[in-house]
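The UniProt record's numbering applies: residue 1 is where the sequence shown begins, and numbers increase by one. Beta carbons: idealized from backbone N, C-alpha and C, even for Gly.
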Amino acid sequence: MGGAGGRYAVPDVLRAIEAANASIIFINTRAQAELFFQALWLANEASLPIALHHGSLAREQRAKVEDAMAAGALRAVVATGSLDLGIDWGNVDQVIQIGAPHQIKRLAQRIGRSNHQYDRPSVARLVPVNRFDTIECIAAIDALAEGQLDGSPAPRARWRFFASIS
């Protein structure tokens, strides 16, 4: 497992995108998102429709990506916290988090973006960017399983998820 912002996982992420209807790939910083998107774009031999979304893009560009995702025209969006909350796309069936989320509540919000159906669990993959990140990803999954959101108990609502580390 190498660093480089998780780019070692691009082939696995592409396979996950191919197996899903639509995916949101969350990355913690704009620079990391741009680098990961570029690596994903270059390796995308199947020409899957993918896009980039972060707060530094022009509002018109973000709106274009949001509209394409809502219309089902994209298979994946690589995003920063610009998509943590807000727009809900019913066709998103998985979230991929590149790098540890650093906040359990943020991870819960991101995971909750997939499978917006009461009777289906949200699906997420966590992709550590280095061996230390692996420890943080495992701790985050354990905290979610225990219902701990950054030290406070999770509300008594639907709380089922499937998370794996790739």
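Asked: With L52 as the anchor, note down where its alpha helix (DSSP H) starts and where it stops.; Found: First-last for L52: I50 to H53, but that is the beta strand (DSSP E), not the alpha helix (DSSP H).
Asked: Name, in chain order, the residues that DSSP records as bridge partners for S23.; Found: A76 and Q94
Asked: Compute the beta-carbon to beta-carbon distance between A20 and Q94, rounded to the nearest angstrom, for a pair I have assumed lies under 8 Å.; Found: 5 Å
Asked: Going by Cα to Cα distance, which pick from R106, L40, F132 and K105 is closest to V77?; Found: L40
Asked: Return helix, strand or coil for Q103, following the three-state DSSP convention.; Found: coil
Asked: What is the DSSP secondary structure of L149, reduced to helix, strand or coil?; Found: strand
Asked: What whole-angstrom Cβ distance do Q97 and A124 have, given they're in contact under 8 Å?; Found: 6 Å
Asked: Rounded to a whole number of angstroms, what is the C-alpha to C-alpha distance between R131 and A100?; Found: 11 Å
Asked: Out of curiosity, what's the CA-to-CA distance linking L57 and A51?; Found: 12 Å
Asked: Flag this pair as yes or no: are the beta carbons of G6 and Q32 separated by less than 9 Å?; Found: yes
Asked: Going by the CB atoms, is the gap between A140 and V92 shorter than 9 Å?; Found: no
Asked: Can you name the start and end residues of the alpha helix (DSSP H) that E34 belongs to?; Found: R30 to A43
Asked: Can you tell me whether L42 is buried or exposed? The criterion is at least 16 other CB atoms within 10 Å of its CB, across all chains shown.; Found: exposed
Asked: Do the CB positions of N44 and G81 come within less than 9 Å of each other?; Found: no
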